[in-house]
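One structure is given here, and the rest of the page talks about it.
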Amino acid sequence: MRSVDSIRDCLEGGVPSLIATCDAEGMPNLTYVSQVHYVDAEHVALSFQFFNKTRENILRDPRATVRVANAETAAEYRLDVEYQRTESEGPLFERMKAKLAGVASHTGMAGVFKLLGADVYRVQAIEQLPSPALAPERLHPPLLPPLRRLGERIAACGELDELLDRTLAGLQELFGIHHSMLLMLDQGSGRLYTVASRGYGASGVGSEVALGHGVIGVAAEQRTPIRLSYASMDYIYGAAATGTAAEIPWPGLREPQSQLAVPIGSGGRLQGVLYVESLEEMAFCYEHEDALAALAVSLGFAMQALAQEDEPGEPAPDAAAPQQPAGKAALQVRYYPEDDSVFLGEDYLIKGVAGAIFWKLLRDYQRDGRTDFSNRELRLDPSIPLPDIADNLEARLLLLHRRLQERSTLLALEKTGRGRFRLCVRQPLKLVEVAAA
Amino acid sequence: MVPELSRAQAAFIQGPVSISLASRDAARRTTIARGLSCRVSEARDQISILVCGARAASLLAELRVDGWVAASYSLPATHETLQVKGRDASVEPALPGDEVLAATHRAAFATQIAVAGFTVAFTEALLHHEPGQLCWVRFTPAAVYMQTPGPRAGERLKAGG
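Going down the list, the sequences are from chains W and P. Take the first sequence: its position 44, counted from the start at 1, is 166 in this note's numbering, and no numbers get skipped. Take the second sequence: its position 25, counted from the start at 1, is 5 in this note's numbering, and no numbers get skipped.
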């Protein structure tokens, strides 16, 4: 049998699909389907939005016929299908819900289209219907060559910051994807924080997304790629960023027309999310989803491998001697233990695990004049609330490093070797711990 | 007797809508085919849909055995959709000149979907028919159903209503 893989382009929703069923009497019934969704080589899922004759019929006799068409070539296919089950939650349901939200707002049906379930059908036969189909004009260039090149670049990276930046640079250079972000999971708070971004006015490093919120949060929570080909208010972040004191504004596009979020995992654990967006409608197709999902696998293992290699090595020979702060007025650094947030003067810097790490470094510096630290000692320090496994310490240090780079000329972190770094302080500090009210 | 089809419905299904038909075989497996134009009789008691005999071969074969048919009409711009069912479908040959009807409908439909970015070439391919292959599927409308997406979708409409 022809695989569903071969007709995925027909499942992007350009041309409305129809399903035909038969009732108990033998009367055929025709219904438009908002979405025929690709599940795997042998299954599709149809959006179940209304209790109608189709539903009544397939619950009685599961056999149905679906007609789909390619929106570019006008080629039509008949799918002989058999209803298997309805899913009303989980990864498939969320993928379809997001896609439907985009289609609904695109077609002026927001508020009318609501997904009640994902009806999964086994595809028994696919037949191309006789028609003078047009010659296909590929909308997207092939994605395997750029994927291969980016994979090679990833494999050559020896540091996390290099890995993240090269990945996003590669997406731009090799895939033509201009707006991208990498977010890491903070298991403790159930939130994802941005560690790298590309294509925005402000980096937004440190900005957060809650699990389950928007395209990224749902992709992380369900561990499945979420893709929208049209703008939907339900999945946009822009308006939500309020810029409260301890919140870093979301850097993303105000009105993305296409969005794709792919979870990054390794060893069975979620590490983070790779997110891309575009001002163009239908910017990302099934193949982009494939390519980025494959990329996310490489990324996940590369991150894991780099995290395991942080045994302290010798300090780099050219490491400069710590700079002594000049005798100026002290910079007040405030720390709020309730959420581990840190403020430099009046300016919010960071919170969470990265905030707790920073506070430990500053206290050690203030008490003992220490400036050199290793990743390993941070891992073992009881004052830092790292989860036992998948601590993502490197990502948190990178986040801290980048926030300091963006927000302060007086404080910095400098790498001095594998698994080692130095705190640079260029002004006397006054540390103030503010107890919860 | 009030015809099943109201005047407004008759006008709608003869407009620049997407037309599809369904039949079923003896084992009750369904078949879908495209309609290329639709006409309603003066008394609104007969619907005739033009199809391409080559492209709709299975549908026509099934209708010749058993005339139970469902026809769906949808206006892309508004999603307004009606389904009409009949139990007495027959297949009739097309007459010279019926190709003009197919061409007229094709052009009207092409204008409809051009706003969504579909080219004339696309519509030509979608509603193509082989030369000399046109024929009519004619039936008496037995029931009309509302299928516009929304809470009333699937509702059977009153005769003439």
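No residue lacks a Cβ here, since even glycine has one placed at the ideal position from N, Cα and C.
At a cut-off of 8 Å between beta-carbon atoms, GLY134 (chain P) makes contact with chain W. Considered as a whole, the region 255 to 337 of chain W harbours 266 to 277, 282 to 297 as its complete alpha helix (DSSP H) runs of no fewer than 4 residues, in chain order.
CA-CA distance, GLY326 (chain W) to LEU522 (chain W), rounds to 13 Å. Per DSSP, reduced to three states, the secondary structure at ASN174 (chain W) is coil, with no helix or strand assignment. Neighbours of LEU106 (chain P) in chain W, taken as residues at a C-beta separation under 9 Å, are given in chain order as VAL137, ALA191, ALA196, GLU198, SER253. Membership of LEU421 (chain W) in any beta strand (DSSP E) is not indicated; the residue belongs instead to the alpha helix (DSSP H) covering 408 to 430. If you draw a straight line from the Cα of LEU551 (chain W) to the Cα of LEU519 (chain W), it is about 21 Å long. Taking 8 Å as the cut-off, the Cβ atoms of MET218 (chain W) and ALA167 (chain W) count as close. Relative to the Cα of SER210 (chain W), the nearest Cα in the group W:LEU266, W:LYS236, W:ALA240 belongs to W:ALA240.
GLU209 (chain W) sits in a strand when the DSSP states are folded into three classes. Excluding its 5 nearest sequence neighbours in each direction, ARG44 (chain P) has C-beta neighbours in its own chain below 7 Å: VAL71, listed in chain order. Residue contact with chain P for TYR154 (chain W): present (Cβ-Cβ distance below 8 Å to some residue of chain P). If you look at THR11 (chain P), you'll find it in the beta strand (DSSP E) that goes 10 to 15. One Cα belongs to ILE12 (chain P), the other to LEU307 (chain W), and the distance between them is close to 48 Å. In the structure shown, the three-state DSSP call for ALA82 (chain P) is helix. Per the coordinates, the alpha-carbon of ALA90 (chain P) lies some 10 Å from the alpha-carbon of THR84 (chain P).
Residue pairing from DSSP places ILE27 (chain P) in a beta bridge opposite P:VAL20, P:PHE119. Closest option to PRO507 (chain W), judged by alpha-carbon separation, among W:LEU484, W:PRO378, W:ASP461: W:ASP461. About 14 Å separates the beta carbons of VAL(-3) (chain P) and LEU81 (chain P), which is beyond the 8 Å limit, so they are not a contact pair. Beta bridge pairing from DSSP links ILE129 (chain W) with no other residue. Under a 10 Å Cβ-count criterion, ALA452 (chain W) is classified as exposed, with fewer than 16 other Cβ atoms of the shown protein chains found around its own Cβ. Annotation: the continuous beta strand (DSSP E) that includes LYS537 (chain W) extends over 533 to 539. Contact between the region 477 to 492 of chain W and the region 288 to 300 of chain W is absent, with fewer than three C-beta pairs closer than 8 Å. When Cβ-Cβ separations below 8 Å define contact, ILE29 (chain P) makes no contact with chain W.
Between ILE299 (chain W) and THR61 (chain P), the alpha-carbon positions lie close to 39 Å from each other. Of all alpha-carbon atoms in W:THR493, W:ASP494, W:GLU516, the one lying nearest the alpha-carbon of ARG501 (chain W) is that of W:GLU516.
In the three-state DSSP reduction, HIS523 (chain W) falls in the helix class (H, G or I). Comparing C-alpha distances from ARG118 (chain P) to each of P:VAL49, P:LEU107, P:PRO76, P:VAL124 shows the shortest one belongs to P:VAL49. Between ARG185 (chain W) and the set W:TYR154, W:GLU164, W:TYR243, the nearest pair of CA atoms involves W:TYR243. With contacts defined by Cβ atoms closer than 8 Å, ILE370 (chain W) and SER319 (chain W) do not form a contacting pair. A residue is called buried when at least 16 other Cβ atoms come within 10 angstroms of its Cβ; GLU468 (chain W) does not meet this threshold and is exposed. If you ignore the 5 residues before and after THR10 (chain P), its C-beta comes within less than 6 Å of the C-beta of ALA2, ARG4, all in its own chain and listed in chain order. At a cut-off of 8 Å between beta-carbon atoms, GLN63 (chain P) makes contact with chain W.
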